[in-house]
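Peer 1: I'd like to ask some things about the structure below.
Protein chains: 2
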Amino acid sequence: MSGPESTHLDFSSISPSEFFYRNRQMAGFGNPTHATYSTVRELVENSLDACEDVGRRPRVEVSLESTKSNEVIISVKDNGSGLPYDEVPSAFGQVLYGSKYGLRQKRGTFGLGVTMTVLYGQITTDSPVMIHTQHNGRGREYRLHIDIENNCPVVEEDEGRTRNENGTTVAVRIGGDLARALPRIQDYLRLTSIATPHARLILHVDNETILDTGPWVKTLPAQPTISKPHPRSADTELVRRTMVGKEAYSLNEYLIESFQQVGRKTADEVIRFLGYDPKKLVGDLTRNEIARISSVLKSYDSFNRPDSSSLSPIGREPLLGAIDGVYGPEYSFYTRRGPLEWEGHPFIIEGVIASGSAFPKREEPALYRFANRVPLLYDASDDVLTKTLKKVSWSRYGIPNGRHWAIFISFCSTRVPYQAAGKQAISNPAEIESASLALFRELGRAASKMAKKQQRSKKLQRRIREMKTSLEMIARFSANLTGFDAERAEIMAREMFQGDWP
Amino acid sequence: MSGPESTHLDFSSISPSEFFYRNRQMAGFGNPTHATYSTVRELVENSLDACEDVGRRPRVEVSLESTKSNEVIISVKDNGSGLPYDEVPSAFGQVLYGSKYGLRQKRGTFGLGVTMTVLYGQITTDSPVMIHTQHNGRGREYRLHIDIENNCPVVEEDEGRTRNENGTTVAVRIGGDLARALPRIQDYLRLTSIATPHARLILHVDNETILDTGPWVKTLPAQPTISKPHPRSADTELVRRTMVGKEAYSLNEYLIESFQQVGRKTADEVIRFLGYDPKKLVGDLTRNEIARISSVLKSYDSFNRPDSSSLSPIGREPLLGAIDGVYGPEYSFYTRRGPLEWEGHPFIIEGVIASGSAFPKREEPALYRFANRVPLLYDASDDVLTKTLKKVSWSRYGIPNGRHWAIFISFCSTRVPYQAAGKQAISNPAEIESASLALFRELGRAASKMAKKQQRSKKLQRRIREMKTSLEMIARFSANLTGFDAERAEIMAREMFQGDWP
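Heads up: the sequence lines are chains P and S, in that order. Numbering-wise, the first sequence is residues 9 to 510 according to the working numbering. Numbering-wise, the second sequence is residues 9 to 510 according to the working numbering.
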């Protein structure tokens, strides 16, 4: 037995604010350029949510101002629902606090986004965040910062101030790098316009408007509905949680009540498979039985596919319309795969192949990726979509407009399987990989067909031109021979070729 | 004024456990392969800390067992300090709880690592973590899991059980992918052996020992000392915090007491620069004055460089010894840059260039990166070290052993400026970029010199061989001519060339 050892171990817990103060790179605030871009992104996504939530077409104005070197003032204004006043301090001044959305497609990370911008602003410039919000017609303006050690908001000012309309404006001053971040921010807004064709996005830099894009459609997409979890997504934690408050339910009732795609008949089958008594009460289940229920639910094949009404794909017309508006391609084609499922989560992949001079000339198409209507600008090489794209032999496909081309691919799901921390790359469940491969191939074939048609039509036009010249000559010669008016004969021949030809 | 709008916004806060349950990819647990690798890494790093903390040479045994498909049992055993019993439940069952280390070089992320393995294990296999620890001679075994919603430990079992020696064994069962993770784990352990030459690392897979590496040196490095913050690292949050409890201090006393490299004279100069009264009490400072103090401290040039005793570089002999032990190179050369400073944080970069058949043949050397003695295996392309490596025209340098070569580069600092969330890539403060560029060039020149020497020595050896053959012939001929014993003459000539030649 060894003797006593002195250690200087001293244990303590830290608040979530403190954690992200120390590990800000985890949330995309690792350096001034990232932080500038991430601040815009978090605020814009909050604004889009706030508008869509009340069925209003978003008009989001981003203003960037670089007052002194290394400092950027970022302000984002929307015409959304405004915020309930009681919630403003915590929503902006408490890390891991936010509005719940239930199980449906959503942007962003619950409870982290906007508070990180406040935290980062106060660390780097010691400035509070300004929030001017109007909810149900009464406006209010706040200035607040975060008590980092205790993870709670400190309201510095709070006064009534009316706005023209409901909505929210948030302004922060951060240690940033506008020059380096600006190209990314412009890309981000342009691509957000593609993923949100019903929104108008405006960017002002030092009081000059440098981008004003969308809307490309007049109607708002239907809001995705909140659904119950699918049984194949039920890890033991989820099973345990869905049992809380249902201790007096029979196993049967519990399954039907807690999950989608489980009716009386399916519940009976699952319970028969488990070998448990259907009348057994949830409160009487042992821990091992709960674990077994999770493992059976996850592997049971006969459930229907998860409900896809909790998804909000962009849609053919809006997506093509937005790409048209932003890039003006000469050719574009839309297709989609799904609704499909990965581990109990519904997903849809939409793709557009487009060609035209706005895109770079390349052997492989340029790839623009989106997840749940958010453009993914970083970590492309780790993404399953990028990797799958490289598996297709694009050289086999003829492409219209001399290989100036791009593919837009939009993945949506109630859960996006992000590869790693940055939420910029999708990982590779087999279902997603095979669906995207099939989708890429269909896009390739469609483009190829169009290229052939283009080729054919070029050939045809050449032959028509040749025929026209010949016929005009023949008409002139014949007229000369027969004493007819040669000029009139030529005009008549020419008129034969006017109007629409293929 | 618009009328009332119904929103279904419903606000709430979530616990840190809940946050990382939902966003596990942030901590490196995004898929079964990552999770398997991350679990090993977190447990091994905990073990190394626990040993070094009591000045014991670490012996860390990793055991991996794949009982059924998609499940891995991971157990890591060390001979460290053991854990204080009161702290075991929170240290393993509460996210954002951990042992404090003060301001010095350290591995890992405070409060996240080991609890993530527990969280992930219980979500995927519903198994508790097993911790068997012996601290000051009394052993104790725990089984516990995390109450995710409340972020607190639930101890399932807890009983006395003696071990052979102080130390800790942790075992978790996780949903993992051993086959895919194993190559990474082996790389990780091999490189950890390089970064921790004083440790012995053993890997068992399904009861077979497949790796047993180190120790390469007999002595433990000195533990880095805890230092006060350097004034150039003082953001406003840090200034505010260091003022807590010092409200009755004069500005003068506060600066001297709170920061390193600030004595009476320097404090006076800073205060003169600020234009404040040196006798002004900390408690009387306004918020704007505090912000101004931070901004002056950050930009004041005349402070001495930060104390580097809070760093623990690997060192020439240990690093060369470990590379020798693991790769057996034919040639290796060590150099370092620093202590230097980035934004008030001291840093040292050490580098070794090595060549030999163990390394791949390439135009550019293979690069092995370390930060604070942790190997960085992912995101190489984003790393400032990788980017800087590519700026060097390696083709200009001759390299011994036909360009089978590698560079090992170890960065250490009280704060590593990670690029992004995954903590696998170092970002690019100018000071780090220029120091690493200079270091790479020095390594290139050293290797080049050695290659020339090798070349020269090859030439010399050829000439000696030629001379030897000629002399032997001359000896034989002369002996024949003079009637001397030709064979003996030849042997005498040959003996002239025995022994050490260059």
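Backbone N, C-alpha and C define an ideal beta-carbon position, used for all residues, glycine too. All of these numbers come straight from a predicted model, not from anything done at the bench.
1. May I ask you to list the residues that DSSP assigns as paired with S363 of chain S?
2. Please name the residue in P:K254, P:K461, P:E53 whose C-alpha comes closest to that of L289 of chain P.
3. Tell me, please, whether the stretch 161-176 of chain P touches the stretch 135-143 of chain P by the rule of three or more beta-carbon pairs shorter than 8 Å.
4. On the premise that T233 of chain S lies in contact with R112 of chain S, defined as a C-beta separation below 8 Å, what is that separation, rounded to the nearest angstrom?
5. Take G110 of chain S and list the residues in its own chain whose beta-carbon comes closer than 7 Å to its own, dropping the five residues that flank it on each side.
6. Please identify, using Cβ separations under 8 Å, the residues of the stretch 110-122 of chain P that lie next to chain S, in order along the chain.
7. On the three-state DSSP scale, how would you describe I218 of chain S?
8. Under DSSP, the alpha helix (DSSP H) around K273 of chain P begins and ends at which residues?
9. Please list, in chain order, the chain P residues whose beta carbon lies closer than 8 Å to that of P161 of chain S.
10. Looking at T132 of chain P and G63 of chain P, is the spacing between their C-beta atoms short of 8 Å?
11. Going along chain P in order, which residues have a C-beta closer than 8 Å to the C-beta of M458 of chain S?
12. Give, in chain order, every unbroken run of the alpha helix (DSSP H) that is at least 4 residues long and sits entirely within the stretch 50-123 of chain S.
13. To the nearest angstrom, report how far apart R345 of chain P and R313 of chain P are at their CA atoms.
14. Is any beta-carbon of chain P found at less than 8 Å from that of Q427 of chain S?
15. Given that a residue counts as buried once 16 or more other Cβ atoms are within 10 Å of its Cβ, and exposed if not, what is S318 of chain P?
16. Looking only at its chain, what residues have a beta carbon closer than 8 Å to the beta carbon of N144 of chain S, apart from the 5 residues adjacent to it on each side?
17. Check whether the Cβ of D18 of chain P lies closer than 8 Å to any Cβ atom in chain S.
18. Looking only at DSSP bridge pairs, what is P161 of chain P linked to?
19. Around the C-beta of Q463 of chain S, are 16 or more other C-beta atoms found within 10 angstroms, so that it is buried, or is it exposed?
20. Nearest by alpha-carbon distance to A43 of chain P: which of P:A187, P:D61, P:V96, P:P373 is it?
21. Can you tell me whether DSSP reads F419 of chain S as helix, strand or coil?
22. Can you find a CB in chain P that lies within less than 8 Å of the CB of A299 of chain S?
23. Using a Cβ-Cβ cutoff of less than 8 Å, which residues in the same chain neighbour A500 of chain P once the five nearest sequence positions on both sides are dropped?
24. At a CB-CB cut-off below 7 Å, which residues of chain S make contact with G38 of chain P?
25. My output table needs one value for T170 of chain S: the three-state DSSP class, helix, strand or coil.
26. So with Cβ pairs under 8 Å, would you call D134 of chain P a contact of chain S?
27. Do G101 of chain P and L51 of chain P have their CB atoms nearer than 8 Å?
28. Is the stretch 200-207 of chain P in contact with the stretch 319-329 of chain P, if contact means three or more CB pairs nearer than 8 Å?
29. Under 7 Å, CB to CB, which of the residues in the stretch 240-269 of chain P have a partner in chain S?
30. Among S:R30, S:V48, S:S20, which has the Cα closest to the Cα of V213 of chain S?
31. Kindly say whether G168 of chain S, judged by its beta-carbon, lies nearer than 8 Å to any beta-carbon of chain P.
32. Nearest-angstrom Cα distance between V122 of chain S and E95 of chain S?
33. Counting C-beta neighbours from all protein chains within 10 Å, is the total for K431 of chain S 16 or more, i.e. buried, or is it exposed?
34. If we count Cβ pairs, one from each stretch, closer than 8 Å, do we get three or more for the stretch 266-280 of chain P versus the stretch 388-403 of chain P?
35. Alpha carbon to alpha carbon, how far is K457 of chain S from F492 of chain S?
36. Under 9 Å Cβ-Cβ, which residues of chain P neighbour N31 of chain S?
Peer 2: The structure says:
1. S:Y339, S:W413
2. P:K254
3. yes
4. Indeed they touch by this definition, with Cβ atoms about 6 Å apart.
5. I234
6. If the cut-off is 8 Å between Cβ atoms, the stretch 110-122 of chain P has T117, F118, G119, L120 near chain S.
7. strand
8. 272-282
9. Close partners of P161 of chain S in chain P (Cβ separation under 8 Å) are lacking, with about 12 Å as the shortest Cβ gap.
10. No, they are not a contact pair.
11. Neighbours of M458 of chain S on chain P: none; closest Cβ ~36 Å, over 8 Å.
12. Within the stretch 50-123 of chain S, the complete alpha helix (DSSP H) runs of at least 4 residues are 96-101.
13. 14 Å
14. yes
15. buried
16. So the qualifying residues of the chain are G90, N174.
17. yes
18. Answer is P:I154.
19. exposed
20. P:A187
21. Three-state result, F419 of chain S: strand.
22. yes
23. It is Met, not Ala, that sits at residue 500 of chain P in the sequence shown. So the list reads A483, once near-sequence residues are dropped.
24. Y426, Q427, A428, S435
25. coil
26. Interface criterion met: the Cβ of D134 of chain P is under 8 Å from a Cβ in chain S.
27. no
28. Yes, the stretch 200-207 of chain P is in contact with the stretch 319-329 of chain P.
29. Residues passing the 7 Å Cβ filter: D243, T244, E245.
30. S:V48
31. no
32. 13 Å
33. buried
34. no
35. Spanning the two alpha carbons is a distance of roughly 47 Å.
36. T117, F118, L120, Y426, A429, K431
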